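Worksheet for the structure shown next.
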Amino acid sequence: MADDVPQESTSPPDSGSDADRDAVLRRQWAEALRGARDGDGPDPEPYAENLLARWAEPQRKYHTTEHLAAVLGHVDTLAQHADAPDLVRLAAWFHDAVYLPERSENEERSASIAERALHEAGLAPEAVAEVARLVRLTVTHDPAEGDTDGEVLCDADLAILASSPDDYAAYAAAVRVEYGFVPDDAFAVGRAGVLRQLLDLPRLFRTPYGAEHWEGPARHNLATELRLIGAQSSR
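Each number in our numbering comes from the position in the sequence shown (counting from 1) with 827 added on.
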């Protein structure tokens, strides 16, 4: 039950230098890959290096290795709700492997990379298919009832919405920088639409833990940002 899990901060972790974070991420990748495949397989290190290079691309301001580390931490918090937590962890690694803000097919391209890389890395076909399915699910963040692995990944990805007001403001500012090619007025309209869609959902978080600990703070942050956009637009 959710009460059995210590409450966790949704703010990005303070993991020291980028080198320290990357070292931890490499270890986490190797553990998840070994846990997800049957028997031995290729060395995990080259796959980790390729993915870390993707997550460190210059166009990323929020969707960085810091976000990846945070999502993996949230998956760990929610792991008791997952059927296959190592597959969820691998999906977290791939869910923003391709991130070009001006493109609309990032998740599909990320899923395709997961399919190719994980097949080569020695995962069983059904495990590869499940990771790719989970990556594609982050388009909508709308897992079906009973899709516990999907619920865990989507909740972990959205947990930033429930962070402290300062960390939420930093997240929103970083997203704005990523979309710097969009004029202010157009961005405000689009962002407000996204916020309203989220607030209109009956539930932002599907796991018992997320529903109990993250739903309220996330709705407060979303509503606050929407009010700020409205106030700025009316000037």
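No residue lacks a Cβ here, since even glycine has one placed at the ideal position from N, Cα and C.
Keep in mind it's a predicted model, so treat the numbers as computed, not measured.
Here Gly1037 carries a helix assignment [DSSP, helix/strand/coil]. Judged by DSSP secondary structure, Pro952 falls within the alpha helix (DSSP H) whose first and last residues are 952 to 964. Using a Cβ-Cβ distance cut-off of 8 Å, the segment 1008 to 1026 and the segment 1044 to 1053 are in contact, since at least three pairs of beta carbons, one from each stretch, lie closer than that value. Distance check between Ala959 and each of Asp984, Ser990, Ile987, Val915 places Val915 closest, using alpha-carbon atoms only.
Contact fails between the segment 1001 to 1008 and the segment 953 to 971, because fewer than three Cβ pairs, one in each stretch, are under 8 Å apart.
DSSP places Pro1010 in the coil class of the three-state scheme, outside both helix and strand. Taking each of Thr965, Glu942, Val898, Ala897 in turn and checking the Cα distance to Tyr874, the smallest one comes out for Glu942. Cα atoms of Ala986 and Leu899: separation of roughly 11 Å, rounded to the nearest angstrom. Taking a cut-off of 8 Å for Cβ pairs, the segment 964 to 979 and the segment 882 to 898 do not touch, as fewer than three such pairs fall below it. Gly1043 sits exposed, since fewer than 16 C-beta atoms from the chains shown fall within 10 Å of its C-beta. Separation of the CB atoms of Ala1045 and Val979 is rounded to 16 Å, and the pair is thereby denied contact status at 8 Å. In this structure the segment 995 to 1002 does not lie against the segment 931 to 949, because fewer than three pairs of beta carbons, one per stretch, are closer than 8 Å. Taking every protein chain shown into account, the CB of Asp845 has fewer than 16 other CB atoms within 10 angstroms, so this residue is exposed. Comparing alpha carbon positions, the residue from Glu1039, Trp882, Ala1019, Pro912 closest to Gly1057 is Ala1019. Taking all protein chains shown into account, Ser1060 has fewer than 16 neighbouring C-beta atoms within 10 Å of its C-beta and is therefore exposed. Taking C-beta separations shorter than 8 Å and ignoring five residues to either side along the sequence, the partners of Glu929 in its chain run Phe1008, following chain order. Assignment of Gln855 by DSSP, reduced to helix, strand and coil, places it in the helix class. Counting the other Cβ atoms within 10 Å of the Cβ of Leu945 gives 16 or more, which makes it buried. Residue burial annotation: Leu860 is buried, with at least 16 other C-beta atoms found within 10 angstroms of its C-beta. Sequence-distant Cβ neighbours of Asp923 in its own chain, meaning closer than 6 Å and more than five residues away, are His890. Between the C-alpha atoms of Asp994 and Cys981 there is a straight-line separation of about 19 Å. Distances from the CA of Thr965 to each of Val925, Ser990, Pro952 were compared; the closest alpha carbon is that of Val925. Across the structure, Arg1054 and Ala983 are spaced so that their CA atoms are roughly 25 Å apart.
Excluding sequence positions up to five before and after Phe1032, its CB lies within less than 6 Å of the CB of Asp982, Ala1038, Trp1041, Glu1042, all in the same chain and listed in chain order.
In the structure shown, the three-state DSSP call for Pro928 is coil.
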